[in-house]
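Residues 632 to 868 (this note's numbering) are what the sequence shown spells out, left to right.
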Amino acid sequence: MPVSVEGIPVSGRRALAALVELAGPGRPVWLVGGALREMVSGRAAGDLDLAVVGGALDLGRRVADRLDAAFVVLDVARGAGRILGRSGDVAMDLVDLRAPTLEGDLRARDFTVNALAAPLRDLLRDGRVELVDPTGGLGDLERRLVRVCAPTAIVDDPVRALRGVRLAMRPGWRLTPETERAIAEGAARLAGVSPERQRDELVGILSEPSAGAGLRTLDRLGVLPVLLPESGAMRAT
Numbered sequence: 632m633p634v635s636v637e638g639i640p641v642s643g644r645r646a647l648a649a650l651v652e653l654a655g656p657g658r659p660v661w662l663v664g665g666a667l668r669e670m671v672s673g674r675a676a677g678d679l680d681l682a683v684v685g686g687a688l689d690l691g692r693r694v695a696d697r698l699d700a701a702f703v704v705l706d707v708a709r710g711a712g713r714i715l716g717r718s719g720d721v722a723m724d725l726v727d728l729r730a731p732t733l734e735g736d737l738r739a740r741d742f743t744v745n746a747l748a749a750p751l752r753d754l755l756r757d758g759r760v761e762l763v764d765p766t767g768g769l770g771d772l773e774r775r776l777v778r779v780c781a782p783t784a785i786v787d788d789p790v791r792a793l794r795g796v797r798l799a800m801r802p803g804w805r806l807t808p809e810t811e812r813a814i815a816e817g818a819a820r821l822a823g824v825s826p827e828r829q830r831d832e833l834v835g836i837l838s839e840p841s842a843g844a845g846l847r848t849l850d851r852l853g854v855l856p857v858l859l860p861e862s863g864a865m866r867a868t
């Protein structure tokens, strides 16, 4: 399935063009993740996630300087940084691939509908490109299924349990049985996740119109007692 550059706001396209130019012809850059999920669904891309083979932090700083934007280091070990336009019109996360290959990186992501990639240089040049989809994410997107990329996806990063529930709160969407099992089995590990990351995902759930349904799903899968231990006593009264 092709994706069109028209799904990216003009300010975003300008920032991406600067990124491609500074990366140079010998360094591939891929647009990945949720922005592509939204574009395939007919919605405009929001925050943009980009992946490069290496040197993301150095490249991100140079792009931020070119755009007169701010640059925030998110994770030194993972080579992850964020470029933020000072007027709020650009938000891009730039990270190193988490595997030796693009396909390996995508298979190590959270959910199949987010494990999509588009070669950025080709997208900007041609206006449309076919997506890289090693986990069947496009089929799951069509069926509105939230499916983990691998059985260990939640254990690898427990905050994904909250993200998966939030995705499944969209009208007509649902968690697959294997995803529910993975969330239930990894729920206890959320206790080791920073409160800030827990908060960000929980706020996202509470801001949805179907927040009540989301909380009930978290409770059913054993996630809510980890986030709010007092909920057990509340239930008993």
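From the three backbone atoms N, C-alpha and C, an ideal C-beta is built for every residue, glycine too. None of these values were measured; they are calculated from a predicted model.
Asked, Found
"Outcome for residue 632 when other beta-carbon atoms lying within 10 angstroms are tallied against a minimum of 16", "exposed"
"Start and end residues, alpha helix (DSSP H) containing residue 642", "641 to 654"
"Buried/exposed call for residue 708, threshold 16 Cβ in 10 Å", "exposed"
"Helix, strand or coil at residue 740 according to DSSP, with G and I counted as helix", "coil"
"Reduced DSSP category for residue 670 - H, G, I as helix; E, B as strand; rest coil", "helix"
"Residue closest to residue 686, alpha-carbon to alpha-carbon, out of 721, 637, 819, 725", "725"
"Alpha carbon of residue 789 to alpha carbon of residue 647, nearest angstrom", "31 Å"
"Nonlocal neighbours in the same chain, by C-beta distance under 6 Å from residue 663, ignoring five residues either side", "680, 682, 748"
"Residue 712 and residue 635 closer than 8 Å at C-beta", "no"
"Cβ shell of residue 688 (< 7 Å), same chain only, five flanking positions each side left out", "704, 710, 712"
"Alpha-carbon spacing of residue 845 relative to residue 853, whole angstroms", "12 Å"
"Where residue 761 falls, given that 16 or more other Cβ within 10 Å makes a residue buried", "exposed"
"Buried versus exposed call for residue 743 [16 or more other C-beta atoms within 10 Å across all chains shown]", "buried"
"Own chain, CB closer than 6 Å to residue 697, minus 5 neighbours either side, in chain order", "649"
"Rounded C-alpha distance that separates residue 816 from residue 829", "17 Å"
"C-alpha gap between residue 656 and residue 753, whole angstroms", "11 Å"
"Sheet register partners of residue 634 (DSSP bridge)", "760"
"Residues that DSSP places opposite residue 750 in a beta bridge", "661"
"Inter-residue Cα distance where the pair is residue 667 and residue 850", "30 Å"
"Rounded straight-line distance, which links the Cα of residue 718 to that of residue 755", "23 Å"
"Alpha-carbon to alpha-carbon, residue 699 and residue 768", "35 Å"
"Which listed residue (763, 643, 784, 855) has its alpha carbon closest to that of residue 661", "763"
"Three-way DSSP call (helix, strand, coil) for residue 781 in this model", "coil"
"For residue 695, the three-state DSSP class (helix, strand or coil)", "helix"
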